[in-house]
Every structure is written in structure tokens, then in C-alpha cells.
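Chemist:
2 protein chains.
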Amino acid sequence: MNALRPDSRPLYAQTEAILMRRIAEGFWAPGSMIPPEPDLAAELGVSPGTVRKALGGLERRRLIERRQGRGTFVAAHTSERALFHFFRITALDGQRRAPTSHVLECATVAASAEEAQPLGLAAGAALHRVKRARLIAGAACILERIWLPEARFPGFALPVGREMTDELYVLYQRDHGVTIARAEERLAAIAAAPDDAGLLGLEEGAPLLEIARIAFDLQDRPVERRVTLLDTAAHRYIANLD
Amino acid sequence: MNALRPDSRPLYAQTEAILMRRIAEGFWAPGSMIPPEPDLAAELGVSPGTVRKALGGLERRRLIERRQGRGTFVAAHTSERALFHFFRITALDGQRRAPTSHVLECATVAASAEEAQPLGLAAGAALHRVKRARLIAGAACILERIWLPEARFPGFALPVGREMTDELYVLYQRDHGVTIARAEERLAAIAAAPDDAGLLGLEEGAPLLEIARIAFDLQDRPVERRVTLLDTAAHRYIANLD
DNA sequence: CAGTGGTCTAGACCACTTA
DNA sequence: AAGTGGTCTAGACCACTGC
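These protein sequences, in sequence, are chains A and B.
Take 1 as the starting number for the first sequence in full-length UniProt numbering and just add one per residue.
Take 1 as the starting number for the second sequence in full-length UniProt numbering and just add one per residue.
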């Protein structure tokens with residue numbers, strides 16, 4: 001309770017907020033089990049039904065996973081999850097294959113005004129800048145530029161020139177405690193610039209799908225910007241509207 | 001109950017299925033109020049809590065709208081809803097404006113094998129084929145080809161050459177009893193063909209965003225195929241991942 | 001067998017809408 | 001004031017998991 005600004009949200013929403021904050025702050029680590037529903041109800045002083053409704057909300061937002069007979073667990077970013085929820089590219093037949101990555105550049109720089117704005121930073125703030133190519137079934141069909149605020153990813157670095165199979169979002173969570181909860185994407189068709197065309201083995205001016213993403217953490221703060229260029233000769237970006 | 005194939009789904013899921021079928025079959029018309037929760041519970045022989053859970057599922061799928069103090073209503077496809085859920089195109093500043101349409105062609109034909117397949121039809125089935133341009137803020141930036149099975153849209157026709165402001169999905173529901181519940185889209189970047197470039201005022205080979213959509217009705221049957229070509233000079237396709 | 005989440009019920013009370 | 005959905009509680013029982 002807070003006399004100055006009483007929380008008028010329903011009890012279950014307040015309960016959900018409390019539980020979410022514990023997850024966001026790492027009080028319960030990703031992958032670990034959280035207490036049984038009756039225990040939570042007793043601790044928080046609400047009925048089991050209210051706890052259940054709160055947990056249902058967290059489950060729909062995929063912050064937790066509940067399994068009958070086993071318990072409730074804080075969701076960990078597995079490669080499968082990152083691949084299924086945040087990788088919207090498939091082959092023409094609809095098959096979704098895990099890509100590999102080849103890091104071309106990785107540097108820490110001072111953000112220009114244009115780089116700072118989408119991430120809600122001040123111009124000049126320290127920023128990690130990554131450029132990589134991604135291969136699906138051995139073919140280089142994706143170019144990606146990524147910007148990360150140094151403040152959230154201290155000491156971040158990727159090995160240039162080496163092949164990577166790990167999903168970045170798994171790495172963010174494991175090494176920097178940053179969980180990506182959602183992302184917004186804006187798509188456009190562009191003509192390939194000369195250098196990008198060369199990297200993808202295309203002619204200058206070939207049509208490319210540009211995917212501009214801002215990814216947000218559990219507290220809905222922007223923590224990653226990435227621009228993906230996809231050669232759609234053999235792949236599609238898929239979206240579901242419902 | 002059915003002795004041969006007993007329904008082992010939870011009661012609330014069975015209840016949800018029953019209510020959904022009534023909506024899909026038009027037992028309750030779009031926009032009309034459905035009975036109060038206690039009445040439904042009594043009629044179906046389940047507890048009010050079970051009915052509530054079933055209605056919650058229908059609400060999340062946007063088949064119904066519940067308003068405290070007023071009642072529960074079958075969702076009607078308003079222009080706003082069609083625009084917000086099924087129109088993913090915005091201006092560069094993120095503004096979403098309602099487009100107008102200019103029908104270029106509208107004909108009923110026998111489906112080729114390629115046209116029949118995505119809609120789950122047999123080759124030769126009757127099909128309505130539409131081509132239209134869409135304007136946002138007076139600028140023609142969208143070309144659209146649409147295919148509809150005659151069986152679901154008997155007598156369908158659009159006035160060629162006239163300006164239209166109604167959303168097609170509102171018209172499908174009002175005039176043909178077809179409610180679009182969800183859609184799948186596959187996106188690619190392509191080079192503009194000569195005739196399409198001409199209609200959009202672009203040069204041949206200019207990059208265009210191609211959006212291939214299959215839309216499904218309440219029973220999850222494919223009922224519309226459409227291919228949209230978007231000039232992304234001043235617009236973006238937006239997607240949310242969460 | 002003990003412990004977990006999942007289902008189902010029953011009812012009290014609150015908040016909002018309409019008349 | 002009457003009627004609606006929204007919240008909150010309390011508890012019984014079921015289904016699944018792992019020891």
C-alpha cells in the first residue's frame with residue numbers, strides 16, 4: 001500500500017507486477033523453479049486463485065513456463081525459443097532452419113545522434129557496433145548490423161571471423177542478464193548497395209528486404225537495434241496476423 | 001457425451017467450442033449481445049466460472065467483446081478493427097492512415113492449378129479475381145491482387161473504376177457472412193515489373209515489398225488469397241514480435 | 001507416495017451501464 | 001434500482017511427475 005498513490009489495479013495485476021519484478025531483477029534466475037502456488041499465495045497474502053491468475057498472465061507473456069506435476073519455471077532463452085519467436089525467416093517451402101553467423105566487424109564506439117536516438121541514448125554514449133553475415137544451409141543470404149548500449153552490455157565483444165551457432169539472445173541473457181521480451185520491426189524493400197551486394201553475391205541494385213528491429217527487455221526498455229538485409233531469392237519473412 | 005469418441009478436453013474448452021460454433025454459424029449475429037454468463041452456465045449445465053473461462057478464450061481470440069455493465073457482444077468487423085489488426089502499413093513517422101481503393105479489374109474465372117492450390121480448391125473451381133490500387137493520402141503506393149472462392153462469395157463483384165473507402169473484410173462479413181479470423185503473410189523484396197511500375201509511377205526494376213497473404217475464417221479454412229505490392233519509399237510494413 | 005499444477009465449483013462482493 | 005461483467009476467495013478433486 002502507498003497512501004500517496006494508492007495502487008488501484010486489481011490484486012492479480014499487482015501480484016503479477018511483483019512476480020515480474022522478481023524475475024526481471026534476477027531474484028529468481030532463468031531456468032529456476034519458483035515456489036508452489038499455495039506458498040506464493042501465503043507469502044503475498046492473497047488467495048491461490050489470485051496467484052494463479054497472475055501466473056497465467058506471466059505465462060502468456062512467456063516469462064514463465066508451467067508444467068503439471070513438475071512446477072513453474074522462469075523462462076530461459078533457449079536457442080529454440082529465440083529461433084521460433086524472434087527469427088521470422090523461412091525457406092520457400094516454409095522450413096525454418098537455424099542459421100550460422102560470421103562476424104565481420106565488432107567495435108565499441110561513441111554513438112552518433114542517429115545511432116543514439118532509436119535506443120533512447122544521448123549522442124556520444126558508448127555503443128557496441130556489430131556487422132555479421134548469416135548463412136542458411138551454407139548460403140550467405142543475410143547481412144546484419146547490430147547496435148548495443150555499452151551500459152547494458154559492459155565488455156561485450158564477439159570473435160571476428162569465427163563461425164557462431166549460438167543465438168545472440170541466449171548470449172545476452174546468459175552473459176549480461178538481459179532478457180529480450182519483445183521486439184518491433186519495420187520492413188522495407190531496398191536496392192542493394194554495392195558493398196552489401198558483393199557480400200551476398202548479388203548485383204548492385206538487386207532488391208533486398210530490410211528489417212529494422214528494436215528489441216526490448218523485461219522492463220520494456222529498448223536494448224538492441226538491428227538492421228537485417230535479407231536476400232529473398234530463396235527465403236521469406238513470415239508474419240501471423242491474429 | 002459421445003460413447004464412441006468421448007470428448008476428453010477440459011469442460012471449459014468444450015464450452016468454448018460450443019459457443020464458438022454458435023458464433024460461426026450465425027446463431028448469434030455479429031454485433032448482437034449473447035446471454036449473461038449465469039444464463040449460459042445454466043443452459044449448458046456448467047458452473048459460471050467455467051463459462052467465464054470459455055468466454056475469456058473467445059475474447060482473447062477477439063471473437064467477442066465484453067464490457068462491464070453492458071454485456072458480451074459478438075465481435076463485428078468494423079473498419080477500425082480491420083485497419084488495426086489486418087493493415088500493417090504505416091507512414092515513415094509511424095502514422096497509420098486509412099487507404100482508399102481504386103478497383104482496376106474484377107472478374108469471375110476458372111481457377112488455374114496455381115490459383116486453386118493456396119485456397120485448397122480443385123483446379124477449375126470458380127474464383128473471383130480482383131486487382132486494385134490503393135492510395136494513402138492521395139498517393140498510389142499499393143497494388144493488390146485478390147482471389148476469392150466463388151463458393152464462399154457467391155455473386156461477389158466490385159464496381160470497377162470507382163473509389164472505395166470500405167474495408168473489404170467488413171464487406172465480406174456483412175454481405176457474405178464470412179468473418180476473417182486470422183491471416184498468414186510471407187514477405188519478399190522484388191523488382192517492379194514494367195506494368196506494375198507504371199501504375200505506381202516508378203521505374204521498372206524499382207524495389208517493391210511483396211506481401212503474400214492467406215486469410216482464414218472462424219473455422220480456420222482459407223477463404224482469401226491476396227498479394228500486395230508496396231512501394232516502401234514513404235511507407236513501412238510493421239510487425240510486433242512478442 | 002508426496003508434491004506439483006490443472007480443473008471445476010460456489011458464492012460474495014465490486015464497478016459500471018442503463019433506465 | 002436492476003442487470004451486467006470483473007474481482008476475489010475457498011476448497012475439492014484430478015492428472016502428471018519424480019522419488
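Ideal placement from N, C-alpha and C gives every residue a C-beta, glycine not left out.
For a minimum of 3 consecutive residues, which ranges assigned as the beta strand (DSSP E) are wholly contained in the segment 161-240 of chain A?
Modeler: Those beta strand (DSSP E) runs which fall completely within the segment 161-240 of chain A and span 3+ residues are 180-191, 207-217 and 222-230.
Chemist: Closer than 9 angstroms, CB to CB, is residue 127(A) near chain B or not?
Modeler: No, no contact with chain B.
Chemist: Could you check which residue in 175(A), 172(A) and 208(A) has the C-alpha nearest to that of residue 189(A)?
Modeler: Residue 189(A) has its Cα closest to that of 208(A), out of 175(A), 172(A) and 208(A).
Chemist: Could you spell out where the alpha helix (DSSP H) holding residue 80(B) opens and where it closes?
Modeler: 79-86 is the extent of the alpha helix (DSSP H) around residue 80(B).
Chemist: Got a sec? Which residues, its chain only, sit under 6 angstroms from residue 182(B) by beta carbon, not counting five neighbours each side?
Modeler: Result list for residue 182(B): 216, in chain order.
Chemist: Of all the residues that make up the segment 199-232 of chain B, which are near chain A by a beta-carbon distance shorter than 7 angstroms?
Modeler: Within the segment 199-232 of chain B, the qualifying residues are 207, 208, 209 and 232.
Chemist: Among 193(A), 165(A) and 76(A), which residue has its Cα nearest to the Cα of residue 97(A)?
Modeler: Selected option, being the one with the closest Cα: 165(A).
Chemist: Please determine, among 56(B), 233(B) and 129(B), the residue with the shortest C-alpha to C-alpha distance to residue 200(B).
Modeler: Measuring from the Cα of residue 200(B), the nearest candidate turns out to be 233(B).
Chemist: I want to verify the contact list: residues of chain B whose CB lies under 8 angstroms from the CB of residue 184(A), in sequence order.
Modeler: Those are 238, 239, 240 and 241, listed as they occur along chain B.
Chemist: Determine, using beta carbons only, whether residue 146(A) and residue 130(A) come nearer to each other than 9 angstroms.
Modeler: Their beta carbons are under 9 angstroms apart, which means residue 146(A) touches residue 130(A) by this criterion.
Chemist: Would residue 42(B) be called buried (16 or more neighbouring beta carbons within 10 Å of its own) or exposed?
Modeler: Its Cβ having fewer than 16 others within 10 Å, residue 42(B) is exposed.
Chemist: So, does the CB of residue 2(B) fall closer than 9 angstroms to a CB anywhere in chain A?
Modeler: Interpretation of residue 2(B) is limited by its pLDDT of 36, a score under 50 that renders its predicted location unreliable; the figure taken from the coordinates is listed afterwards. So, not an interface residue.
Chemist: Along chain B, which residues have their Cβ under 8 angstroms away from the Cβ of residue 86(A)?
Modeler: Neighbours of residue 86(A) on chain B, chain order: 241.
Chemist: Kindly confirm or deny that the segment 149-159 of chain B and the segment 97-109 of chain B touch, where touching means at least three C-beta pairs closer than 8 angstroms.
Modeler: Yes: at least three Cβ pairs fall under 8 angstroms.
Chemist: Around the Cβ of residue 195(A), are there at least 16 other Cβ atoms within 10 angstroms (buried) or fewer (exposed)?
Modeler: Exposed, because fewer than 16 other Cβ atoms sit within 10 Å of the Cβ of residue 195(A).
Chemist: Listing by chain order, which chain B residues have their CB less than 8 angstroms from the CB of residue 187(A)?
Modeler: Residues of chain B passing the Cβ test: 187, 209, 232, 236, 237, 238 and 239.
Chemist: With 9 angstroms as the threshold, decide whether the Cβ of residue 52(A) is near any Cβ in chain B.
Modeler: Not an interface residue.
Chemist: Less than 9 angstroms between CB atoms is the rule here; does residue 64(B) satisfy it with respect to chain A?
Modeler: Chain A contact via Cβ: absent.
Chemist: With 16 as the cutoff for other CB atoms within 10 Å, does residue 136(A) come out buried or exposed?
Modeler: So residue 136(A) ends up on the buried side.
Chemist: Below 8 angstroms on C-beta distance, what does residue 190(B) contact in chain A?
Modeler: Those are 189, 207 and 232, listed as they occur along chain A.
Chemist: Assuming the contact rule is C-beta atoms closer than 8 angstroms, residue 23(B) and residue 218(B) should be a hit. Round their C-beta distance to whole Å, please.
Modeler: Right, the Cβ-Cβ distance comes to about 7 angstroms (below 8 angstroms), so this counts as a contact.
Chemist: Which ranges would you report for the beta strand (DSSP E) in the segment 65-137 of chain B if only whole runs of at least 3 residues count?
Modeler: Here the runs fully enclosed are 71-74, 89-91, 100-110 and 126-136.
Chemist: Nearest-angstrom Cα distance between residue 60(B) and residue 148(B)?
Modeler: Roughly 27 angstroms between the two C-alpha positions.
Chemist: Measuring alpha carbon to alpha carbon, tell me which of 127(B), 192(B), 113(B) and 173(B) ends up nearest residue 141(B).
Modeler: Selected option, being the one with the closest Cα: 192(B).
Chemist: On the DSSP bridge list, what partners appear for residue 144(B)?
Modeler: Its beta-bridge partners are 132(B) and 228(B).
Chemist: State yes or no: is the beta carbon of residue 61(A) nearer than 9 angstroms to at least one beta carbon in chain B?
Modeler: Yes, because at least one Cβ of chain B sits closer than 9 angstroms to the Cβ of residue 61(A).
Chemist: Can you have a look at residue 51(A) and say buried or exposed, based on whether 16 or more other CB atoms are within 10 angstroms of its CB?
Modeler: Burial call: buried.
Chemist: Pick helix, strand or coil for residue 149(A), following the three-state DSSP scheme.
Modeler: It is a strand residue.
Chemist: Just to confirm, are residue 92(B) and residue 110(B) a CB contact at a threshold of 9 angstroms?
Modeler: No. Outside cutoff.
Chemist: Rounded to the nearest angstrom, what separates residue 5(A) and residue 15(A) at their Cα positions?
Modeler: At residue 5(A) the pLDDT is 49, less than 50, meaning the model places this residue with poor confidence; the figure from the coordinates comes in the next sentence. The straight-line gap from Cα to Cα measures roughly 17 angstroms.
Chemist: Between the beta-carbon of residue 33(B) and the beta-carbon of residue 72(B), is there less than 9 angstroms?
Modeler: Taking 9 angstroms as the Cβ cut-off, residue 33(B) and residue 72(B) qualify as a contacting pair.
Chemist: Consider the Cβ of residue 181(A): report whether some Cβ of chain B lies at a distance smaller than 9 angstroms.
Modeler: Answer yes: the Cβ-Cβ gap between residue 181(A) and chain B drops below 9 angstroms somewhere.
Chemist: So residue 20(A) and residue 44(A) are in contact, right, with Cβ under 8 angstroms, and what is the actual spacing, rounded?
Modeler: Actually they are not in contact, since the Cβ atoms of residue 20(A) and residue 44(A) sit about 13 angstroms apart, beyond 8 angstroms.
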